[in-house]
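Written below as structure tokens is the structure these notes are about.
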Amino acid sequence: MNANNKHELIHQTFVASQAGSIHFGQVIAALMSVDVESYFVDYRTRQVTYYFPSDETLQLSYDADGEVFAQDFDQAAVKAAIVGAQKGEVMYPEFKKLTQKAGCIGYFVWIKGRHVSYLGRNGETHVEHFPN
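Position 92 (the sequence shown) corresponds to 92 in UniProt numbering; numbering is contiguous.
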């Protein structure tokens with residue numbers, strides 16, 4: 001698959017995720033199919049950066065949607081949002097709001113490492129491993 005086709009598939013996946021029409025597992029499957037090894041979601045800049053093994057990157061932006069970031073990182077609230085998403089009860093638009101209200105400013109998804117690192121504004125982290 002050429003770079004333009006890869007970027008188009010990533011863009012389609014990004015749009016579907018932002019709309020809440022696909023689950024996290026579907027996002028990961030699509031990104032794996034075009035060899036994305038990780039991506040970073042920066043809630044404060046509203047940008048998502050995708051990383052390839054070649055060190056190529058692709059950056060996409062999304063519109064502000066009334067983000068409210070808590071000052072304190074509430075790991076239990078972040079975990080609750082994750083569990084809701086894993087059960088299919090929480091789709092991405094709601095997940096973003098829940099994690100932002102829990103003080104999360106962004107996260108790294110390590111596809112090949114099979115985990116996500118959620119970040120607080122003071123350097124706090126919560127690591128969530130992919131379910132088997």
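Note that the Cβ used here is the ideal one computed from N, Cα and C, for glycine as well.
When E8, G66 and A19 are compared against K101, the one with the closest alpha-carbon: G66
Q12: first and last residue of the uninterrupted alpha helix (DSSP H) it sits in: A3 to A19
Reduced DSSP secondary structure (H/G/I, E/B, other) of G123: coil
Integer Cβ distance of N49 from T57, believed to fall under 8 angstroms: According to the sequence as given, residue 49 is Thr; it is not Asn. Contact holds; Cβ gap of about 6 angstroms.
Own chain residues within Cβ distance below 8 angstroms of M32, not counting five before or after: I111
Spatial neighbours of S17 in its chain, beta-carbon cut-off 7 angstroms, leaving aside the 5 residues before and after: V27 and Y92
Runs of alpha helix (DSSP H) wholly within the region 82–110 (minimum 4 residues, chain order): 92–101
Best match in L60, D35, Y51 and H129 for proximity to Q86 [C-alpha to C-alpha]: H129
Boundaries of the alpha helix (DSSP H) in which S38 is found, first to last residue: S38 -> not in any alpha helix (DSSP H); beta strand (DSSP E) instead, spanning S38 to D42.
Within 9 angstroms, strictly: CB atoms of F52 and V78: no
Under the three-state DSSP convention, the category S54 falls into: coil
Proximity below 9 angstroms, CB of S61 to CB of V109: no
Reduced DSSP secondary structure (H/G/I, E/B, other) of V116: strand
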